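Sequential numbering from 555 applies to the sequence shown in the working numbering.
Just so you know, even glycine gets a beta-carbon here, dropped at the ideal spot from N, CA and C.
Remember, it's a predicted structure, so these values are computed and weren't measured experimentally.
Report on one structure; see the data block that follows.
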Amino acid sequence: MAWLVCQCTVQHTDRHQQRSQQRSAVARLESLNLPAAETVDRLNGGASLFWKDMRQFLAFLEQKGDLVTIKKPVSTDFEVAAYIRKSSDVEGPCFVFDDIAGYPGWRVAGAMYAAPRRILDGLSVSIEEATRHYLKAIQNPMSWQVVETGACKEIIVTGDDVSLSDVPIVRHSEKDGKYITAGVQVARDPDTGVHGLGMHRMELFGERRLGLWAPGERRIGRARVKQEERGQRLEIAVVIGPDPCTTLASCARVPHDQEKYEIASALLGEPLKLVRCETIDVLVPADAECIIEGYIEPNDRSSESPFGEFPGCYGGRMEVPVMTVTAITHRRDPIYQTVLTGFPVTEDHLLNWIPMNAVIYEDAKRISPGVIDVTVRGNYVYDTVIKMRKRHETEPWNVMSAVLAGNAQAKYCVVVDEDVNIYDDREVNWAVSTRVQPATDVHIFPVMVGAPLDPSAPLIRQTSKMGMDATKPLSADPLRYEKVLVPGADEVTWE
Ligand SMILES: Cc1cc2nc3c(=O)[nH]c(=O)nc-3n(C[C@H](O)[C@H](O)[C@H](O)COP(=O)(O)O)c2cc1C
């Protein structure tokens, strides 16, 4: 059973530790010639972000000892991905590859978000704050700022000089084609003008051709469908290596008429700086590493190669729309970012973690004010855990029904009491072992709309779902269910 598999134990990062990490980051930021007063004020102001671009975040990780520079030559065919795979499996460091065979002038960053602690560092929050911090940004969006130019335009290549062969696009899993996996796509909705952001895989099809997997339920996919119906092309930009806030905001599950750049600005704590693209009418983060500009013509399609997908099985092989590239702009010494998708847990899963938590928290909290916290785990899409203080014996049923119905991709929902740390799989599994009677506490929902990539689904997007009440009975003798603890275990240390 999915929740009995201990896939990832997130260490408790307490607020004190987080703040001291932030303080040490100030020293590093000062060496980057940022005004120290600004960074200190931001720290004192609370949990706002101060990584204005990816390089500041990488500098912080390096200073913290959470980044390793690989100096020997590495290949974009599997070798970069092999480092990321291993680091993902052991919650290891982020990598910067200095010497990418065949791509002089480029470096590659990988595994940037391959450990939960780096998602939290990207947002500058503790694990307990993360979901509500993210929700607050969704609920209190902030305007962006358009600037004349930015680091992403230090080099501008347009017209016949454009060649994707110059960009170190990585081949990740055994059967994959070459895919851009960390690109944040930006395209404007033709009806509302809203800038849609999302992360979508893009297969390299040719010198100036990229596939795009963005179904019509996604905002980028919907904008493309609308344009195709009108016989018009969709202008689109691919942002490589933006700041952590833009990356995480692009994964927000919010209505299509909400601007994700405003969520990014709210997460950042100040207006995100955007510049106009060279060849299309789209705004992109000024200080990103690289921007690929272009358009999708109506009915221009091609067949994808397989792609190692987030359930840990192969997807891909879709007939996908094709982007024609019109410009590539980048920094003078660009860092190409890539993420691994595949067997859980990878960056793909962890990037979805807090954005998924935010929607599930809202759904659960709407049903019961007793909901305290939520998290997704396992493959960070199918398995949900809810912590609540129930007042009625059957309240967990209402909550799990809302979560499983409200989130098509949620397949399992476990509800636990407030004494269980939902970020520690051992504790959740302990609650399942000691507080669940399968005959009475498990509820199977026969068929509902489910995740598109679940290979066990008998029909595409049709799946049964399961809820489990792992809370103790209200009338229970408290000692019968009490967690056994050893006093002082958290304080002892040894060499
Ligand atoms: C690394 C990564 C890769 C992703 N790849 C895809 C993809 O290829 N196709 C897709 O539809 N969604 C993909 N997603 C999920 C979407 O980016 C995510 O659902 C986003 O919120 C889409 O926004 P929208 O639903 O507002 O359009 C990916 C997510 C991550 C973190």
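Check whether residue i and residue j have beta carbons under 8 Å apart
| i | j | result |
| --- | --- | --- |
| Thr-712 | Thr-880 | yes |
| Cys-844 | His-884 | yes |
| Ala-669 | Gln-891 | no |
| Tyr-688 | Ala-918 | no |
| Asp-1008 | Thr-1017 | yes |
| Gly-870 | Pro-898 | no |
| Ala-705 | Asp-841 | yes |
| Pro-860 | Asp-730 | yes |
| Lys-1096 | Lys-965 | Residue 1096 is absent from the structure shown; the chain starts at 555 and stops at 1049. |
| Val-874 | Glu-858 | yes |
| Lys-618 | Asp-797 | no |
| Glu-789 | Val-836 | yes |
| Ala-1005 | Val-957 | no |
| Pro-658 | Arg-807 | no |
| Gly-1021 | His-997 | yes |
Residue i classed as buried or exposed, judged by whether at least 16 other C-beta atoms fall within 10 angstroms
| i | result |
| --- | --- |
| Cys-967 | buried |
| Thr-988 | exposed |
| Arg-776 | buried |
| Glu-847 | buried |
| Gln-699 | exposed |
| Arg-920 | exposed |
| Gly-600 | Since pLDDT at Gly-600 reaches only 46, below the 50 mark, its modelled position is unreliable, and the value read off the structure follows with that caveat. By the 10 Å Cβ count, Gly-600 comes out exposed. |
| Pro-923 | exposed |
| Gly-862 | buried |
| Asn-694 | exposed |
| Ser-1029 | exposed |
| Lys-827 | buried |
| Val-970 | buried |
| Trp-907 | buried |
| Trp-1048 | exposed |
| Thr-929 | buried |
| Leu-1033 | exposed |
| Val-1003 | exposed |
| Ser-697 | exposed |
| Thr-800 | buried |
Residue span of the beta strand (DSSP E) that contains residue i, given as start and end
| i | result |
| --- | --- |
| Ala-741 | 738-742 |
| Pro-1012 | Per DSSP, Pro-1012 belongs to no beta strand (DSSP E) and is neither H nor E. |
| Ala-663 | 661-664 |
| His-749 | 749-753 |
| Leu-837 | 837-839 |
| Thr-895 | Looking at the DSSP string, Thr-895 is not in any beta strand (DSSP E), and its letter there is neither H nor E. |
| Lys-941 | 937-942 |
| Arg-931 | 925-931 |
Cross-strand partners of residue i (DSSP beta bridge)
| i | result |
| --- | --- |
| Asp-631 | Arg-725 |
| Tyr-849 | Glu-789, Thr-878 |
| Met-1022 | Val-968, Val-996 |
| Phe-649 | Val-622, Gly-664 |
| Ser-857 | Glu-873 |
| Gly-760 | Arg-763 |
| Thr-746 | Thr-746 is not bridged to any residue. |
Start-to-end residues for the alpha helix (DSSP H) that takes in residue i
| i | result |
| --- | --- |
| Ile-673 | 670-677 |
| Pro-798 | 798-804 |
| Asp-917 | 901-921 |
| Ile-692 | 681-693 |
| Gln-617 | 608-618 |
| Met-954 | 949-960 |
| Asp-715 | Unbroken run through Asp-715: none, as it is neither H nor E. |
| Pro-860 | It is not in any alpha helix (DSSP H) - Pro-860 instead sits in the beta strand (DSSP E) that spans 860-862. |
| Glu-981 | 979-989 |
| Lys-1037 | From DSSP, Lys-1037 is part of no alpha helix (DSSP H); its letter is neither H nor E. |
Contact test: residue i Cβ vs ligand 2 heavy atom, cutoff 7 Å
| i | result |
| --- | --- |
| Arg-807 | Although ligand 2 was asked about, the structure shown includes only ligand 1 as ligands. |
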